[in-house]
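Structure, as structure tokens:
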Amino acid sequence: MSETELRNADIDAALAEAKEAYVKRNPKSLARFVEATAVMPGGNTRTVLHYAPFPLGIARGEGCRLWDLDGAEYIDFLGEYTAGIYGHSHPVIRAAVDRALDAGVNFGGTNLIEARFARAVCDRFGLERVRFTNSGTEANLLAISVGRIFTGRSKVMVFNGGYHGAVFGFAGGGSPINAPFEYVLAAYNDIAATRALIEQHASDLALVILEPMMGGGGCIAAAPEFLTMLREQTTKVGALLILDEVMTSRLAPGGLQQVRGVKPDLTTFGKYIGGGMSFGAFGGRADIMDLFDPRRPDALPHAGTFNNNVLTMSAGLAGLTEIYTPDAARALNARGDALRERLNALCRAQNAPMQFTGIGSMLAVHFTRHPVRSPADAAKGDQKLKELFFFDMLAQGIWLARRGMFTLCLPIGDAECDRLASAVEEFLASRRSLLNGG
Ligand SMILES: Cc1ncc(COP(=O)(O)O)c(C=O)c1O
Numbered sequence: 005m006s007e008t009e010l011r012n013a014d015i016d017a018a019l020a021e022a023k024e025a026y027v028k029r030n031p032k033s034l035a036r037f038v039e040a041t042a043v044m045p046g047g048n049t050r051t052v053l054h055y056a057p058f059p060l061g062i063a064r065g066e067g068c069r070l071w072d073l074d075g076a077e078y079i080d081f082l083g084e085y086t087a088g089i090y091g092h093s094h095p096v097i098r099a100a101v102d103r104a105l106d107a108g109v110n111f112g113g114t115n116l117i118e119a120r121f122a123r124a125v126c127d128r129f130g131l132e133r134v135r136f137t138n139s140g141t142e143a144n145l146l147a148i149s150v151g152r153i154f155t156g157r158s159k160v161m162v163f164n165g166g167y168h169g170a171v172f173g174f175a176g177g178g179s180p181i182n183a184p185f186e187y188v189l190a191a192y193n194d195i196a197a198t199r200a201l202i203e204q205h206a207s208d209l210a211l212v213i214l215e216p217m218m219g220g221g222g223c224i225a226a227a228p229e230f231l232t233m234l235r236e237q238t239t240k241v242g243a244l245l246i247l248d249e250v251m252t253s254r255l256a257p258g259g260l261q262q263v264r265g266v267k268p269d270l271t272t273f274g275k276y277i278g279g280g281m282s283f284g285a286f287g288g289r290a291d292i293m294d295l296f297d298p299r300r301p302d303a304l305p306h307a308g309t310f311n312n313n314v315l316t317m318s319a320g321l322a323g324l325t326e327i328y329t330p331d332a333a334r335a336l337n338a339r340g341d342a343l344r345e346r347l348n349a350l351c352r353a354q355n356a357p358m359q360f361t362g363i364g365s366m367l368a369v370h371f372t373r374h375p376v377r378s379p380a381d382a383a384k385g386d387q388k389l390k391e392l393f394f395f396d397m398l399a400q401g402i403w404l405a406r407r408g409m410f411t412l413c414l415p416i417g418d419a420e421c422d423r424l425a426s427a428v429e430e431f432l433a434s435r436r437s438l439l440n441g442g
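Under the numbering used here, the residue at position 169 of the sequence shown is numbered 173, and the numbers go up by one with no gaps.
And the structure:
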């Protein structure tokens with residue numbers, strides 16, 4: 005066997021051992037999973053939550069802590085993939101939801117909160133108009149659809165490795181279940197090739213959509229020059245620029261676009277802005293959004309029974325105006341920057357092929373020494389070490405995404421960051437021989 009083969013066999017053995025211990029620790033989660041498979045395909049209704057041998061069943065949460073069915077406690081460093089910024093059962097959110105329930109839900113009419121919430125979202129993110137949906141997927145579906153109608157063009161530029169929702173997955177180029185638009189697939193952060201592609205499709209290109217930092221794709225930031233080029237080129241060819249800030253809007257008071265100084269034509273939102281309830285929104289230029297104005301004879305319809313549901317409107321308004329204020333956003337992201345730098349210093353001190361990418365309160369681990377500037381770079385990282393890291397973190401009471409993503413929620417403080425740093429240090433020490441072969 006070559007040195008690489010030997011090392012891979014050692015990683016496989018460590019992984020098998022870690023999974024065996026996981027199975028032993030979690031009999032109730034296994035039983036729940038087996039039961040669920042009888043009525044849900046693979047026991048699952050949300051693909052990202054599945055991992056082998058079976059996912060943990062989470063029984064409850066409080067603040068930044070979670071407990072699984074078998075009673076183990078975790079620090080919640082996943083924060084519901086950015087949607088859980090307020091932690092579990094924040095008293096202000098809870099009071100807002102209670103107030104809404106006291107006044108009745110599902111009126112089949114406009115309520116008194118939706119326009120106040122819309123005002124808060126528009127002011128915060130510099131939008132002229134906004135409309136609400138039930139998910140980020142729906143927000144992107146509507147933003148793309150209106151973008152095609154507004155421009156009278158058909159093609160939609162997306163980026164390999166990008167993700168914009170259940171029917172907009174572009175890892176590995178695309179997915180059979182994607183919404184059937186005419187896509188032009190470009191390479192994230194490749195300025196010259198993307199510019200050429202925009203020029204090539206200039207007259208048919210309706211829009212370019214991207215995250216200013218790929219979140220689910222591995223917390224890979226778009227280079228500022230890349231975003232600037234996209235803004236200039238889309239303007240030049242008459243296409244729209246849509247920034248998907250479903251995740252990244254949390255990274256600064258006005259979203260990542262504010263930091264980068266790039267003004268898109270439309271922005272899409274989701275996750276935490278609904279205060280932990282189902283949420284999505286899209287908005288931006290009035291001349292585009294006003295195509296939905298129902299007072300117009302040619303108005304585009306935009307339906308959705310729960311678009312203005314009072315639980316989301318109330319929780320969202322309270323969250324954005326009373327809890328995640330601009331100061332709170334700056335503080336949380338400063339905490340995240342410090343944590344990422346601290347974890348990277350630990351990796352460097354051990355000369356490990358391991359790094360944490362990201363901005364502010366969103367970070368992701370990659371098992372490579374090379375810079376990670378694109379999904380292709382991320383794919384070159386060692387995926388087995390990442391899986392081992394996941395199981396080792398769970399064993400140490402750290403809850404994270406199976407793909408290696410962490411996000412900070414507001415209740416996370418110094419003590420929790422210390423716990424994560426110690427867990428990573430322990431991983432670096434106990435897995436030194438596996439890491440150092442890389
Ligand atoms: C960047 C991005 N856009 C859109 C979505 C879809 O949002 P939802 O899951 O609410 O449909 C997600 C969800 O993870 C996302 O990360």
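Note that the Cβ used here is the ideal one computed from N, Cα and C, for glycine as well.
Note that the structure is a prediction, hence the values are computed from the model and not measured.
For residue i and residue j, what's the separation of their Cα atoms in angstroms?
| i | j | result |
| --- | --- | --- |
| residue 284 | residue 144 | 9 Å |
| residue 88 | residue 257 | 17 Å |
| residue 123 | residue 131 | 9 Å |
| residue 120 | residue 316 | 12 Å |
| residue 166 | residue 245 | 15 Å |
| residue 71 | residue 372 | 32 Å |
| residue 369 | residue 288 | 33 Å |
| residue 381 | residue 218 | 13 Å |
| residue 234 | residue 241 | 11 Å |
| residue 273 | residue 142 | 10 Å |
| residue 42 | residue 19 | 28 Å |
| residue 363 | residue 68 | 20 Å |
| residue 439 | residue 21 | 17 Å |
| residue 175 | residue 221 | 8 Å |
| residue 113 | residue 293 | 21 Å |
| residue 201 | residue 190 | 7 Å |
| residue 185 | residue 308 | 21 Å |
| residue 32 | residue 376 | 38 Å |
| residue 11 | residue 53 | 29 Å |
| residue 401 | residue 420 | 11 Å |
| residue 472 | residue 297 | In the structure as shown, the chain begins at 5 and stops at 442. Residue 472 is therefore absent and cannot be evaluated. |
| residue 366 | residue 225 | 11 Å |
| residue 335 | residue 329 | 10 Å |
| residue 344 | residue 422 | 12 Å |
| residue 249 | residue 378 | 18 Å |
| residue 96 | residue 17 | 47 Å |
| residue 247 | residue 148 | 11 Å |
| residue 105 | residue 193 | 46 Å |
Between the options, which has its C-alpha nearest residue i's C-alpha?
| i | options | result |
| --- | --- | --- |
| residue 90 | 359, 411 and 111 | 411 |
| residue 127 | 249, 66 and 325 | 325 |
| residue 103 | 189, 235, 322 and 403 | 322 |
| residue 291 | 274, 134 and 42 | 134 |
| residue 408 | 199, 361, 129 and 414 | 361 |
| residue 26 | 396, 147 and 376 | 396 |
| residue 387 | 15, 68 and 9 | 15 |
| residue 98 | 108, 320 and 29 | 320 |
| residue 206 | 225, 192, 351 and 160 | 160 |
| residue 110 | 314, 308, 156 and 239 | 314 |
| residue 198 | 181, 236, 251 and 172 | 236 |
| residue 203 | 192, 172 and 238 | 238 |
| residue 416 | 228, 340 and 151 | 340 |
| residue 280 | 93, 406 and 13 | 93 |
| residue 399 | 384, 413, 414 and 431 | 431 |
| residue 351 | 252, 413, 286 and 429 | 429 |
Could you check how far apart the C-beta atoms of residue i and residue j are, in whole angstroms? I think they sit under 8 Å.
| i | j | result |
| --- | --- | --- |
| residue 163 | residue 214 | 5 Å |
| residue 295 | residue 266 | About 23 Å; that fails the 8 Å criterion. |
| residue 264 | residue 216 | 6 Å |
| residue 347 | residue 81 | At roughly 11 Å, the Cβ-Cβ gap does not stay under 8 Å, so residue 347 and residue 81 are not in contact. |
| residue 117 | residue 318 | 6 Å |
| residue 146 | residue 306 | 6 Å |
| residue 181 | residue 188 | About 19 Å separates the two Cβ atoms, so there is no contact after all. |
| residue 129 | residue 271 | 6 Å |
For ligand 1, I want to know if residue i counts as a neighbour, meaning its beta carbon is within less than 7 Å of at least one of the ligand's heavy atoms.
| i | result |
| --- | --- |
| residue 170 | yes |
| residue 141 | yes |
| residue 320 | no |
| residue 217 | no |
| residue 220 | yes |
| residue 269 | no |
| residue 85 | yes |
| residue 251 | yes |
| residue 144 | yes |
| residue 284 | yes |
| residue 78 | no |
Does the region 58-69 come close enough to the region 30-48 that 3 or more CB-CB pairs lie under 8 Å? yes
Counting Cβ pairs closer than 8 Å, one from the region 72-86 and one from the region 202-212, do we hit at least three? no
Check whether the region 390-398 and the region 417-437 touch, using three or more Cβ-Cβ pairs below 8 Å as the test. yes
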